[in-house]
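Novice: Quick one: structure below, then a few questions.
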DNA sequence: ATACATATTTAGGCTTGTCTAAAAATATAT
DNA sequence: ATATATTTTTAGACAAGCCTAAATATGTAT
Ligand SMILES: [Mn+2]
Ligand SMILES: [Mn+2]
Ligand SMILES: [Mn+2]
Ligand SMILES: [Mn+2]
């Protein structure tokens with residue numbers, strides 16, 4: 109079995125691989141794990157010896173199949189627990205992450221699949237992220253950052269790229285939730301802020317940082 | 109915060125204190141924790157320094173209020189999770205213990221109380237053990253080991269004093285469940301086995317070891 | 001190509017929790 | 001009361017994860 113620390117590293121590498129499609133750097137992992145680069149190097153050596161990752165000094169890291177499998181299982185558990193916390197225990201979407209961060213490490217074959225069934229086999233977690241099924245399969249919706257839309261384009265909010273409480277609370281306060289429809293009215297180059305119309309009503313100005321962290325998909329109902 | 113190891117030690121000491129009402133010995137803890145006596149000594153020193161226990165070399169251990177509080181909180185979580193696993197996820201009573209052993213260490217103030225509410229504030233866990241409430245209060249029913257009943261006395265099974273899978277599976281196979289009514293028909297001194305009648309029907313011979321580990325309460329309906 | 005800046009690894013140490021083997025204290029039997 | 005057995009503690013070591021400081025490799029600008 110793997111320690112929960114190893115699981116967290118593999119999960120971090122998995123997430124980072126998805127973004128920067130080449131090898132993942134030591135410093136990127138260190139930042140994500142909120143630890144020091146030297147600690148990361150130690151762990152990379154270990155994970156490499158155990159056959160979870162491909163690691164060559166100074167060259168970054170890629171996951172081996174075995175490592176990817178572990179990461180996906182942990183992510184599955186994380187997201188299922190998030191659904192549980194939201195739908196059954198009335199947690200809000202900014203409260204669930206840190207608890208799920210612990211629950212994802214509980215080991216019991218039966219537990220995960222029973223939980224999945226109990227929740228009705230949900231396809232996405234409360235942040236809009238897809239939940240892998242028992243076999244590790246899940247479909248990515250074609251998503252794009254709000255920042256990359258052009259003026260006049262319409263889209264639906266399907267996920268967030270940042271889980272911090274502050275960010276999630278901010279979104280709630282401006283009534284921007286998963287499923288909200290938005291239209292880009294204007295983009296301002298000097299500070300990269302964007303003016304949007306939400307659900308055909310309110311107009312809101314979003315900062316560069318916010319736009320970067322909102323995942324949307326193009327709205328099919330463009331009429 | 110306390111590590112999950114510290115929590116497990118405090119829980120073990122709490123359980124053992126309940127039985128042998130004097131100080132708990134190093135070896136008793138070692139046996140319960142499935143570890144070596146020297147490891148226990150190390151931990152006792154630490155728990156003592158932190159103010160959780162009263163520890164004097166060679167003299168055994170008692171819990172301080174602070175230690176008792178921690179133990180009761182962990183026990184509350186353990187038993188609530190056991191109820192969850194049984195009633196919501198269809199685990200059987202022999203499968204729940206080892207998973208609960210992990211879940212009991214999840215730290216979130218909100219989680220425990222939400223779970224309690226979600227489950228409908230259960231009073232006992234699937235093994236018949238009482239669940240402490242938010243404030244750590246719980247009532248012990250007057251219980252006695254089946255072994256201590258006299259011939260002719262009637263009782264109801266309310267708990268088990270041993271959580272091993274083997275034992276629980278054995279009880280299921282002979283259809284002896286929580287709430288079963290039993291009457292002592294005969295006691296055999298040479299091997300301390302006991303002949304009982306279950307629910308007014310089957311007659312079963314129980315070994316000494318089994319009788320020692322069944323908690324019963326006298327049946328009020330004696331007519 | 002060289003010099004400087006940044007990223008990464010190595011060296012050495014610390015904490016937690018575990019172990020074995022040996023020493024010391026306590027309990028038991030005659 | 002003394003010898004023996006058992007329990008408990010101490011001493012010393014190890015693995016996992018983490019850290020700081022120093023060494024080394026890589027990237028960049030001129
Ligand atoms: Mn985690
Ligand atoms: Mn999520
Ligand atoms: Mn435990
Ligand atoms: Mn129980």
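Protein chains in written order, with the working numbering: chain A, 109 to 331; chain B, 109 to 331.
Think of the CB as a built atom: it goes at the ideal place given N, C-alpha and C, for glycine as much as any other residue.
This structure is a prediction, so every number in the text was calculated from the model and none was measured.
Can you tell me where the alpha helix (DSSP H) with residue 270/A in it begins and where it stops?
Specialist: First-last for residue 270/A: undefined, no H or E at that position.
Novice: So which residues on chain A does residue 196/B lean against when the C-beta distance must stay under 8 angstroms?
Specialist: Those within 8 angstroms of residue 196/B in chain A are 226.
Novice: Taking only beta-carbon positions, decide if residue 222/A is within less than 8 angstroms of chain B.
Specialist: Yes - at least one Cβ of chain B is within 8 angstroms of the one on residue 222/A.
Novice: Closer than 9 angstroms between beta carbons: that is the criterion. Which residues of the stretch 198-217 of chain B meet it against chain A?
Specialist: From the stretch 198-217 of chain B, only 198, 199, 203, 206, 207, 210, 211, 213, 214, 215, 216 have a Cβ closer than 9 angstroms to chain A.
Novice: Report yes if the CB atom of residue 118/B is closer than 8 angstroms to the CB atom of residue 178/B, and no otherwise.
Specialist: For residue 118/B and residue 178/B, yes; Cβs fall inside 8 angstroms.
Novice: Tell me where the beta strand (DSSP E) around residue 148/B begins and ends.
Specialist: Premise fails: residue 148/B lies in the alpha helix (DSSP H), 145-157, not in any beta strand (DSSP E).
Novice: Name the one or two DSSP bridge partners that residue 290/B has.
Specialist: For residue 290/B, which the question treats as bridged, DSSP gives the partners 263/B, 306/B.
Novice: Classify residue 249/A: buried if its beta carbon has 16 or more other beta carbons within 10 angstroms, exposed otherwise.
Specialist: Residue 249/A should be labelled exposed.
Novice: Residues bridged to residue 171/B by DSSP?
Specialist: Its beta-bridge partners are 161/B.
Novice: For residue 188/A, would you say it is in contact with chain B, using Cβ-to-Cβ distances shorter than 8 angstroms as the test?
Specialist: No, residue 188/A does not count as interfacial toward chain B.
Novice: With a CB to CB cut of under 7 angstroms and the five nearest residues on each side skipped, what residues in its chain are close to residue 213/A?
Specialist: Excluding residues within five positions, the ones whose Cβ falls inside 7 angstroms are 112, 115.
Novice: So what's residue 134/B in DSSP terms, helix, strand or just coil?
Specialist: Helix at residue 134/B.
Novice: Looking only at its own chain, which residues have a Cβ that is under 7 angstroms from the Cβ of residue 240/A, when we skip the five neighbours before and after it?
Specialist: Cβ neighbours of residue 240/A beyond the five flanking positions: 180, 183, 184, 246.
Novice: Can residue 235/B be considered in contact with ligand 3, in the sense that its beta carbon sits closer than 7 angstroms to one or more heavy atoms?
Specialist: No; taking the cut-off as 7 angstroms, the Cβ of residue 235/B has no heavy atom of ligand 3 nearer than that.
Novice: Can you pull the chain A neighbours of residue 265/B, defined as C-beta to C-beta under 8 angstroms?
Specialist: Per Cβ cutoff of 8 angstroms: no residues; residue 265/B is ~26 angstroms from chain A at best.
Novice: Can you list, in chain order, the residues of the stretch 289-322 of chain A whose Cβ is nearer than 7 angstroms to any Cβ on chain B?
Specialist: Cβ contacts with chain B: none found.
Novice: Do residue 82/B and residue 265/B have their CB atoms nearer than 8 angstroms?
Specialist: No statement about residue 82/B is possible, as the shown extent of chain B runs from 109 to 331 and does not include it.
Novice: Figure out for me which residue from 326/B, 327/B, 307/B, 294/B has the closest Cα to the Cα of residue 315/B.
Specialist: With distances taken between Cα atoms, residue 315/B lies closest to 294/B.
Novice: Going by the CB atoms, is the gap between residue 251/A and residue 267/A shorter than 8 angstroms?
Specialist: Yes; because the gap between Cβ atoms is below 8 angstroms, this pair is in contact.
Novice: Give a yes or no on whether the C-beta atoms belonging to residue 292/A and residue 257/A are separated by under 8 angstroms.
Specialist: Yes, they are a contact pair.
Novice: Does any CB atom of chain A fall closer than 8 angstroms to the CB of residue 276/B?
Specialist: Residue 276/B does not count as touching chain A.
Novice: Is residue 114/A near ligand 1 - that is, is its Cβ less than 7 angstroms away from at least one heavy atom of it?
Specialist: Residue 114/A: no, Cβ never under 7 angstroms from ligand 1.
Novice: Label residue 165/A either buried or exposed according to how many other C-beta atoms from any shown protein chain fall within 10 Å of its C-beta, with 16 as the threshold for buried.
Specialist: With fewer than 16 Cβ atoms within 10 Å of its Cβ, residue 165/A is classed as exposed.
Novice: What separation, rounded to the nearest whole angstrom, lies between the Cα atoms of residue 286/B and residue 190/B?
Specialist: Approximately 15 angstroms, taken between the alpha carbons.
Novice: Provide the residue span of the alpha helix (DSSP H) that contains residue 123/A, from first to last.
Specialist: Residues 112-127.
Novice: Beta strand (DSSP E) containing residue 324/A: first to last residue?
Specialist: From DSSP, the beta strand (DSSP E) with residue 324/A extends over 322-326.
Novice: With 16 other CB atoms within 10 Å as the buried threshold, where does residue 157/B fall?
Specialist: Exposed.
Novice: In terms of residue numbering, what span does the alpha helix (DSSP H) encompassing residue 204/B cover?
Specialist: It spans 204-211 - the alpha helix (DSSP H) in which residue 204/B sits, taken as one unbroken run.
Novice: Can you tell me whether residue 190/A sits near ligand 2, meaning its C-beta is under 7 angstroms from at least one heavy atom of the ligand?
Specialist: Yes, the Cβ of residue 190/A comes within 7 angstroms of a heavy atom of ligand 2.
Novice: Residues of chain A with a CB under 9 angstroms from the CB of residue 285/B: which are they?
Specialist: Those within 9 angstroms of residue 285/B in chain A number zero; the least Cβ separation is about 21 angstroms.
Novice: Going by DSSP in three states, residue 99/B sits in which element: helix, strand or coil?
Specialist: Residue 99/B cannot be examined here, being either before or after the span of chain B that is shown, 109 to 331.
Novice: Enumerate in chain order the residues of its own chain whose CB-to-CB distance from residue 303/B is below 7 angstroms, with the five nearest sequence positions on each side excluded.
Specialist: Cβ within range, chain order: 293, 294, 311, 313.
Novice: How about residue 257/B: is its C-beta nearer than 8 angstroms to some C-beta of chain A?
Specialist: Output row for residue 257/B: interface = no.
Novice: How close, in whole Å, do the beta carbons of residue 198/B and residue 222/A come, if the pair is a contact with beta carbons under 8 angstroms?
Specialist: Going by Cβ atoms, the distance from residue 198/B to residue 222/A rounds to 7 angstroms, so yes, they are a contact pair.
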